[in-house]
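Numbering (the working numbering), first residue to last: 3 to 663.
Glycine included, each C-beta is placed from N, C-alpha and C at the ideal position.
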Amino acid sequence: MRTRLPWSEEARDVLASCGCTLSRPRRTGGALPRTLSASDAICPEGRRPVPLPGIVSPMRMSRLFGATLRTAPGGAENAGHQLLLRGGYVRQLGQGIFSYLPLGVRVLRRIEAVLREEMDAAGGVEVSLPVVHPAELWRQTGRWDTVGPELARFKDRRDRDYALAMTHEEVVATLASTEIRSWRDLPRLVYQIQLKFRDDPRPRAGLVRAREFTMKDAYSLDRDVAGLERQYARQHEAYTTIFDRCGLPAIAVGADVGMMGGSGAHEFMYLTPIGEDTLVLCDSCGYAQNRQVARLAKAAPEHEPVQPIERVDTPGASTIEDLVRVLGVGAERTAKALLVMATVPGCPEMLPVLAVVRGDMTVNETKLANAVGATDLRPMTDEEVVAAGGVAGYASPVGVADRVTVVVDDLVATSANLVAGANEEGVHLRNVNMGRDYEPAVVADIVAAGDGDPCSVCGAALRTERGVEVGNIFKLGTRYSEAMGASFLDDDGTEKPIVMGSYGIGVGRLMACLAEEHHDDAGLRWPVSVAPFETHICAIGDDGLAAAEELYADLAGAGIATLLDDRGERAGVQFADADLLGIPLRLTVSPRSIAAGGIEVRERSGGESVVVPRAEIVAWIAGRLSELRVGLAAAMATRTAARAGRARAGAARPGSGPAEV
RNA sequence: CGGGGAGUAGCGCAGCUUGGUUAGCGCGCCUGCUUUGGGAGCAGGAGGCCGCGGGUUCGAAUCCCGCCUCCCCGACCA
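What follows is the structure in structure tokens.
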């Protein structure tokens, strides 16, 4: 049975303005997109009702700014970055700072078009907020002091402090304080596509981690938490659609809220070895979390009577491995202590912290930082260890509670008779028990989950993967609205703070990930939805060029984004550059193709060339592009699902998933 | 910030250890001729503050010191 797909609302609007009879794309196997957008339309006359979003004009290669390079500049490590440089999409100006050349700009614009469509569809309205922020703005939320050097600061000529925008919560909250007065003004979703600067300590992998970058950031404003949850779920859905449409397989994982604060967050991850985040995944139940927050199942320790504490000499045994060997006990019978200094907002001095986990586990620094409310942790210096009453290799929570904040993993808290250090060189203590021998300041889950650990949901073995964070969504709550005085009058007559959420996608990073995902040895292979052009005409020879000019005019007239190689280069050069640039359809016009009665079409994604009669070429291409678009969405949906395993429980897709067709 | 590496023509690199007179190679670029469906051939050419500053030396791309920049590995983020 065939279901007719609905045109999206926006598509209906634009289609109404087209005089042609439009047909729907054919099913190409697998799932179809939820709705069809205007660009999915197949027009029998080869016309498209509106210019393709994000693509404003066809282009001649002779006018293009930016050379293709045969060899990638040194320093470009990953394939995607190398190809973007070689293809003339981007150039690096400084560490983490890039120029976009015309081809790169066009890819950006197309990604942005998808972002705008999906944000609009989610009820968003576009704004454009300043990149230069008065310091006062950031002081009001306290982030001027808490964020650190990542926030780039400068002074103006009158010695006033400013910051370069690294995110826009403060500005949005300030605006909301004047624009939103009543519950009738809510909910709202504002978004922008704007430059950000973060003085990242370590830019890396080209566009994947730049310091200056464009970001789509959206902010939801709601009356209450229920409203926030609705918008959050809607954004979650929109993000899934966005990455599907762009052709990037990405999965949602639970995440730490980090410097944003708030009550919950998901990150959208592109799984790749070049990623710098470690994700903890469960293939069995779909649990998926950033390692920073991933949990593991901890078997409840067996109950046993508390034994008297006793000293034991362990000369030279300063590691858990030594201890296991010398005392002949399992690592799970030991307690391991880690000494760190924590930066806690509001505290003038750093807080000394002693963290205790079982010897067979490792501390997760993010969890530990969250447990003490710290923004930053670093190892203690030797002097600080002494001041804390500890001895390197023999640190222990026993007897130091007055000098350090003791944080105990919840498993240690319920484990009896552990072996711990004695805060004395060469000495350990047997039968150490929390409560009797020491008092913790905090008990929390502070251990790291990793490969092979049991899943906290279903018990199956977890595995880890690397990923790049291409997007995130945060439930901010009222932190920013309260700080900036953004409140509204509710229908019960009381003044309430606006409940906020924030939702980001790095545009350049998304482009970099796409380049990483879609390439082969010869070059890039852009998904049709984000390619800088849809067709690339190679004009071979003088006769070929003359015929190509006509084809170019026809395609341009049909609204098909076309790049014409009019440089008069040899065929091999043109083909090699076409492969490098990675435009989906290559059209060859040459004496040979003319003799064969048409235009030679070859798809960058592979397959044989076909010759299409000249009279049919425009409609043929329009149809093929339409098929490619539909096929892309279907392929991405299945691919994403396959990569995520059966992502459900852990990924916690809120609300209903995409409608099955 | 800690550790490792690199700055020589537009791009990729050699030369440096063991200082030496005019700094090379491939690709690209310019001119001409020939070629013309997978990065052409021949001939001729242009293009260098050898990252910057100081020092050693008769003489420094080369040795020494300082600085800057970029890349990679660890703590942060779209």
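Inset, instruction - Could you tell me which uninterrupted alpha helix (DSSP H) segments, each at least 4 residues in length, are contained entirely in the stretch 383-434, listed from first to last along the chain? - result: 384-389 and 412-415
Inset, instruction - List in chain order: all unbroken beta strand (DSSP E) runs of 3+ residues lying wholly within the stretch 155-191. - result: 155-157 and 163-166
Inset, instruction - Measure the C-alpha to C-alpha separation of Thr416 and Ala446 and round it to an integer number of angstroms. - result: 12 Å
Legend entry - Euclidean distance between Cα positions of Gln196 and Pro275: 28 Å
Inset, instruction - Identify every run of the alpha helix (DSSP H) within the stretch 494-557, keeping only runs that are complete inside it and at least 4 residues long; order them along the chain. - result: 509-519
Inset, instruction - Apply the 10 Å Cβ neighbour rule to Gln237 and answer buried if 16 or more other Cβ atoms are within range, or exposed otherwise. - result: It is buried - the Cβ of Gln237 has at least 16 other Cβ atoms within 10 Å.
Inset, instruction - Report the option in Arg527, Glu467 and Gly574 whose CA atom is closest to the CA atom of Gly277. - result: In terms of Cα proximity to Gly277, the closest of Arg527, Glu467 and Gly574 is Glu467.
Inset, instruction - In angstroms with no decimal places, state the Cα-to-Cα distance between Ala488 and Asp439. - result: Roughly 49 Å between the two C-alpha positions.
Legend entry - CB-CB length for Phe490 against Asp187, believed under 8 Å: Between Phe490 and Asp187, the beta carbon gap of about 7 Å places them in contact (Cβ cut-off 8 Å).
Inset, instruction - Go ahead and pull the three-state DSSP assignment for Pro381. - result: strand
Inset, instruction - Could you please give me the residues that DSSP links to His238 through a beta bridge? - result: DSSP, once it has assigned bridges, lists no residue as partnering His238.
Legend entry - As assigned by DSSP and simplified to three states, the class of Ala339: strand
Legend entry - Gly216 versus Ile500: straight-line alpha-carbon distance, rounded: Note that residue 216 corresponds to Thr in the displayed sequence, not to Gly. One C-alpha to the other measures close to 27 Å.
Legend entry - Endpoints, the alpha helix (DSSP H) within which Gly106 is located: Pro104 to Ala123
Inset, instruction - Could you check the C-alpha separation between Val620 and Ala124 for me, to the nearest Å? - result: 34 Å
Legend entry - Whether Gly98 touches Glu214 by CB criterion (8 Å): yes
Legend entry - Own chain partners of Ala333 with C-beta closer than 7 Å, once the 5 adjacent residues on each side are dropped: Here the set comprises Ile322, Val326, Gly361 and Asp362.
Inset, instruction - Using the Cα positions of Asp246 and Ala635, report the straight-line distance between them to the nearest angstrom. - result: C-alpha separation (whole angstroms): 6 Å.
Inset, instruction - Whole angstroms is fine: what's the gap from Thr243's alpha carbon to Asp453's? - result: 30 Å
Inset, instruction - Going by CA-CA distance only, name the one from Val331, Glu172 and Leu105 that's closest to Leu582. - result: The shortest C-alpha separation from Leu582 is found at Leu105.
Inset, instruction - Please report how far the alpha carbon of Ala651 lies from the alpha carbon of Tyr234, in whole angstroms. - result: A caution first: Ala651 carries a pLDDT of 36, below 50, which makes its placement in the model too unreliable to give a value.
Inset, instruction - Note down, in chain order, each residue of its chain lying with its Cβ closer than 6 Å to the Cβ of Asp492, except the 5 sequence neighbours on either side. - result: Trp185 and Lys498
Inset, instruction - Tell me whether Arg604 sits in a helix, a strand or coil according to DSSP, three-state version. - result: strand
Legend entry - alpha helix (DSSP H) segments (min. 4 residues) lying fully within the stretch 208-293: The stretch 208-293 contains these whole alpha helix (DSSP H) runs: 227-248.
Inset, instruction - Helix, strand or coil for Ile562, going by three-state DSSP, please let me know. - result: coil
Inset, instruction - For Val612, count neighbouring C-beta atoms within 10 Å of its own C-beta (all shown protein chains included) and say buried if the count is 16 or more, exposed if not. - result: exposed
Inset, instruction - For my contact list, Val109 and Pro529 are in at a C-beta cut-off of 8 Å; report their separation, rounded to the angstrom. - result: About 10 Å separates the two Cβ atoms, so there is no contact after all.
Inset, instruction - State yes or no: is the C-beta of Ala175 within less than 8 Å of the C-beta of Phe199? - result: no
Legend entry - Extent of the continuous alpha helix (DSSP H) to which Asp324 belongs: Ile322 to Leu329
Legend entry - Within 8 Å, strictly: CB atoms of Val92 and Leu250: no
Inset, instruction - For Cys284, count neighbouring Cβ atoms within 10 angstroms of its own Cβ and tell me buried if that reaches 16, exposed if not. - result: buried
Legend entry - Spatially closest choice to Val400 from Asp158, Ala637, Asn372 and Lys338, by CA coordinates: Lys338
Inset, instruction - Give every residue of the same chain whose Cβ lies closer than 7 Å to the Cβ of Glu605, excluding the five residues on either side of it in the sequence, and list them in chain order. - result: Taking Glu605 as the centre and dropping the five residues before and after it, the same chain places the C-beta of Pro586 and Leu587 closer than 7 Å to its C-beta, in chain order.
Legend entry - Asp453 (DSSP reduced to helix, strand or coil): Assigned with DSSP and collapsed to three states, Asp453 falls in coil, not helix or strand.
Inset, instruction - Report all residues from its chain with a CB closer than 7 Å to the CB of Met352; omit the five preceding and five following residues, and keep chain order. - result: Excluding five sequence positions before and after Met352, the CB atoms of its chain that fall closer than 7 Å to its own CB belong to Met343, Ala344 and Thr345, given in chain order.
Legend entry - Residues sharing a beta bridge with Leu589, DSSP: Leu589 pairs with Ile539 and Val603.
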